[in-house]
Each structure stands twice: as structure tokens, then as C-alpha cells.
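Numbering (full-length UniProt numbering), first residue to last: 1 to 354.
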């Protein structure tokens with residue numbers, strides 16, 4: 001199959017089949033998905049200790065979560081494309097024909113993964129933090145399977161990286177009338193947005209940012225929350241460019257879910273961060289799963305409030321602004337900030353037992 005990027009002067013010859021084992025064909029889609037899974041496992045396994053997670057137990061959770069993700073991705077796609085399967089339900093079991101939805105995969109993996117965590121008596125939120133970064137690795141690489149299948153592309157574009165192939169031509173020609181009903185005018189002979197590339201790069205950037213933020217996280221689950229918000233924001237924009245969206249009426253399902261993810265992330269993060277800054281009770285640390293950085297931040301905020309009250313009281317009485325332990329408010333705050341450094345999970349004594 002010939003794929004060209006006219007604006008870049010590139011012409012590529014690609015095929016869906018990577019290699020054969022006897023008469024059995026192995027598709028590139030399966031290869032990149034497998035590569036993404038392997039790299040995600042290696043990354044999360046090496047980072048498990050930093051999150052206080054037993055790495056061996058984590059492998060078991062990943063194993064079952066993967067199968068939950070595959071089944072969820074397939075069922076989600078089938079549910080919103082039932083017309084393609086109603087006359088031959090056995091096609092549902094033929095994964096090699098394509099038809100997977102990432103949101104269904106995430107939901108399936110989470111349901112099975114969380115259940116596995118409960119059965120193995122693992123703390124769920126730190127595992128979800130690791131899962132979020134693992135998802136980004138898998139999604140960033142997995143989207144290249146769409147390139148080899150020449151699917152998940154967008155409407156026409158005049159940008160230099162616009163993509164053209166026989167698949168894009170045939171698909172747009174076949175669905176031009178339906179797209180016109182949705183207000184999307186297409187020309188099958190023109191290049192299209194390589195949406196797979198946009199999402200791949202977006203996920204890779206998200207992984208980099210989360211990796212750098214790891215030691216600064218304030219509470220367990222924060223990394224996963226950021227993953228949901230980051231992916232949702234990117235998917236909302238990219239989904240608006242696509243021509244193969246799963247629809248309910250005139251609503252793009254993935255775009256609706258993406259918007260809900262962004263809103264939920266913002267609300268939950270603001271609520272939890274507000275509680276962390278206002279809390280100074282040890283009993284609050286358990287349900288929130290505050291990290292050492294978050295605990296120190298909460299204590300620093302509480303100390304600052306106390307110092308402000310003492311300063312106001314001393315000014316009213318005409319006394320010198322001295323803290324109870326002989327430090328000025330500025331010195332106390334500087335000392336607290338100095339101490340608020342990330343602490344390795346093993347130093348905190350939160351590594352799960354073998």
C-alpha cells in the first residue's frame with residue numbers, strides 16, 4: 001500500500017502484515033500493541049518501588065488488566081457498531097478484522113485491574129498512578145497500528161504533514177454523503193489529518209510530563225488523575241478532526257467522554273488539593289493517601305496560617321514578631337520549604353509486603 005505525505009515529499013510503501021509464521025499472518029497492529037505493552041510493563045515495573053507498590057504483584061495485575069482491556073475495547077466498539085455484527089455475531093470473536101475502542105479498553109482494564117488489586121490486598125491508587133503512565137506508553141505506540149491499517153484519520157487538510165493513501169480516498173468517497181450530513185465536506189483526492197500521529201505525540205508528551213512530576217506528586221491517585229485529564233483534553237480536540245467517530249445521533253461519543261474526563265479531573269483535583277492545604281490532622285492522611293510531599297505541604301500551610309495569626313496578635317499588642325520557638329515567620333517558612341523534599345517510597349516505609 002502506498003502512503004504519501006505530499007507536503008513533505010514522502011512516499012512510503014507499507015503493508016498490514018509484518019511477517020508470517022507458516023501460513024499464519026502477524027499484523028503490524030499486533031506488533032506495535034505488543035511492543036507498547038512490553039515497554040509499559042518494563043517502565044511500571046522499574047518505577048513500582050517509588051510508588052510503594054510490590055513489583056511482583058504488579059505484574060499479576062497487569063496480566064489480568066491487559067485481558068480486561070482487550071475485551072473491553074472490543075465490546076465497546078461492538079456496542080456502538082452493532083449493525084456491523086448483528087447478522088454475523090461470531091465476527092465479534094474475530095479480533096484480526098479490527099474494531100477496538102480505546103475508551104472501552106481503559107474501562108475494561110481498570111475494572112479488572114482494580115478487582116485484582118483488591119484480591120491481592122494492594123493499595124489501588126498508587127497502582128492507578130503507575131497504570132496511567134503505562135497507558136500513555138501503550139497508546140503512544142499503539143496508535144501506529146492505525147497508520148499501518150490506514151485508519152483513524154481526519155478530514156482534509158492543507159498542512160505539510162497531510163497524508164494520502166488509497167484507503168483514505170476510498171473511505172472518504174464512500175462516506176462523503178454521511179459526513180456532509182454532519183457538516184463535514186471532504187474531497188477524497190486531497191490529503192487528510194494523520195490523527196493517529198497527533199494522538200501518539202500527545203500521549204508521548206503526557207508521559208514525559210508525568211515522569212518529571214512523579215517526585216512532586218502530592219497524593220496517591222494524582223498521577224492517574226492527570227492522565228485522565230491530559231488524555232481527555234487531547235482526545236477532545238483530535239476527535240473533532242476524525243471522520244470515523246462512533247456516534248450517537250450527531251454526538252461524537254469519544255468527544256463527549258473526553259469532555260467529561262477533563263471536567264471530572266479539574267473538579268476532583270481542586271477539591272483534594274484544597275483539603276490537603278487545609279488539613280493538619282494525621283487521621284486525614286489515610287483516606288486521602290497523601291504522599292510525604294503532600295503531608296509537608298499541608299503542614300507548611302498550617303504553620304504559615306498559625307504564624308500569620310501570631311504576627312497579627314503581636315502587632316496588635318506591640319510585641320516583636322517572634323515565633324514560639326524563637327524563629328521569625330520568614331525563617332520558619334524557609335525551613336519548612338527546605339524540608340519539603342520528595343522522599344523515596346522505601347524511606348517512608350510504605351512498600352507493600354511480599
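Glycine included, each C-beta is placed from N, C-alpha and C at the ideal position.
request  = Any chance you could list the alpha helix (DSSP H) runs of at least 4 consecutive residues sitting entirely within the segment 205-288, in chain order?
outcome  = Counting only runs that start and end inside the segment 205-288, the alpha helix (DSSP H) elements of at least 4 residues fall at 222-239, 253-278 and 285-288.
task = Tell me whether the beta-carbon of residue 74 lies closer than 8 Å to the beta-carbon of residue 92.
result = Contact: yes.
request  = Can you say whether residue 124 is buried or exposed, counting buried as having 16 or more other CB atoms within 10 angstroms of its CB?
outcome  = The residue in question, residue 124, is buried, as its Cβ has 16 or more Cβ neighbours within 10 Å.
query = When burial is assigned at 16 or more other CB atoms within 10 Å of the CB, is residue 116 buried or exposed?
reply = With 16 or more Cβ atoms within 10 Å of its Cβ, residue 116 is classed as buried.
task = Mark residue 104 as exposed unless 16 or more other C-beta atoms lie within 10 angstroms of its C-beta, in which case mark it buried.
result = It counts as buried.
message = Counting beta carbon pairs with one atom in the segment 127-135 and one in the segment 219-229, are three or more of them shorter than 8 Å?
response = Yes: at least three Cβ pairs fall under 8 Å.
ask   = Going by C-alpha distance, which of 310, 273, 217 and 79 is nearest residue 248?
value = Measuring C-alpha to C-alpha distances from residue 248 to each of 310, 273, 217 and 79 identifies 79 as the nearest.
inquiry  = Just to confirm the assignment, what range does the beta strand (DSSP E) spanning residue 2 have?
reply    = Start and end: 2-5.
Chain-order list of residues whose beta-carbon lies under 8 Å from that of residue 71 (same chain, five-residue window excluded) = Only 108 meet the Cβ criterion.
ask   = From 163, 303, 300 and 29, pick the residue whose C-alpha is nearest to that of residue 10; which is it?
value = Measuring from the Cα of residue 10, the nearest candidate turns out to be 163.
query = Under 8 Å between the Cβ atoms of residue 364 and residue 60?
reply = In the structure as shown, the chain begins at 1 and stops at 354. Residue 364 is therefore absent and cannot be evaluated.
query = Below 8 Å between beta carbons: does that hold for residue 21 and residue 1?
reply = Against a cut-off of 8 Å, the Cβ pair of residue 1 and residue 21 comes out as no contact.
task = Quick one: using the 10 Å Cβ neighbour count with 16 as the cut-off for buried, is residue 94 buried or exposed?
result = Flag for residue 94 reads exposed.
inquiry  = Just to confirm the assignment, what range does the beta strand (DSSP E) spanning residue 57 have?
reply    = Taken as a continuous stretch (DSSP letters only), residue 57 belongs to no beta strand (DSSP E), being part of the alpha helix (DSSP H) at 55-80.
ask   = Given residue 4, which residues of its chain have a CB within under 6 Å of its CB, disregarding the five upstream and five downstream residues?
value = The residues are 11 and 164.
query = How many Å lie between residue 32 and residue 277 at the Cα?
reply = If you take the alpha carbons of residue 32 and residue 277, they lie about 43 Å apart.
task = Just mark residue 213 as buried or exposed, buried being the case when its beta carbon has 16 or more other beta carbons within 10 Å.
result = Exposed, because fewer than 16 other Cβ atoms sit within 10 Å of the Cβ of residue 213.
ask   = Leaving out five residues before and five after residue 114 in sequence, what residues of the same chain have Cβ atoms less than 7 Å from its Cβ?
value = The answer, listed in chain order, is 124.
Segment contact flag, the segment 190-200 with the segment 138-151, C-beta cutoff 8 Å, min 3 pairs = They touch, by the three-pair rule.
Of the listed residues 139, 263 and 76, nearest to residue 38 (C-alpha basis) = Taking only the C-alpha atoms, the option nearest residue 38 is 139.
ask   = When you compare each of 216, 200, 168 and 201 to residue 187 by their alpha carbons, which one comes out closest?
value = Relative to residue 187, the option among 216, 200, 168 and 201 whose CA is nearest is 168.
task = Label residue 82 either buried or exposed according to how many other C-beta atoms from any shown protein chain fall within 10 Å of its C-beta, with 16 as the threshold for buried.
result = Flag for residue 82 reads exposed.
task = Measure the alpha-carbon distance for residue 264 versus residue 228 and round it to whole angstroms.
result = Their backbone Cα atoms lie some 9 Å apart in a straight line.
query = Is DSSP giving residue 154 helix, strand or coil here?
reply = In the three-state reduction of the DSSP assignment, residue 154 falls in the strand class.
query = Assuming residue 17 contacts residue 65 under a Cβ cut-off of 8 Å, what Cβ separation, rounded to an integer in Å, is found between them?
reply = The C-beta distance from residue 17 to residue 65 rounds to 28 Å, too long to fall under 8 Å, and the pair is not in contact.
inquiry  = Judging by CA-CA distance, which residue of 258, 307, 85 and 171 is the nearest neighbour of residue 191?
reply    = The candidate whose alpha carbon is nearest that of residue 191 is 171.
ask   = Count the other CB atoms within 10 Å of the CB of residue 200; is the residue buried (16 or more) or exposed (fewer)?
value = Burial call: buried.
ask   = alpha helix (DSSP H) containing residue 112: first to last residue?
value = Counting along the chain, the unbroken alpha helix (DSSP H) around residue 112 starts and ends at 102-119.
task = Name the two residues that bound the continuous beta strand (DSSP E) containing residue 137.
result = From DSSP, residue 137 is part of no beta strand (DSSP E) but of the alpha helix (DSSP H) over 124-142.
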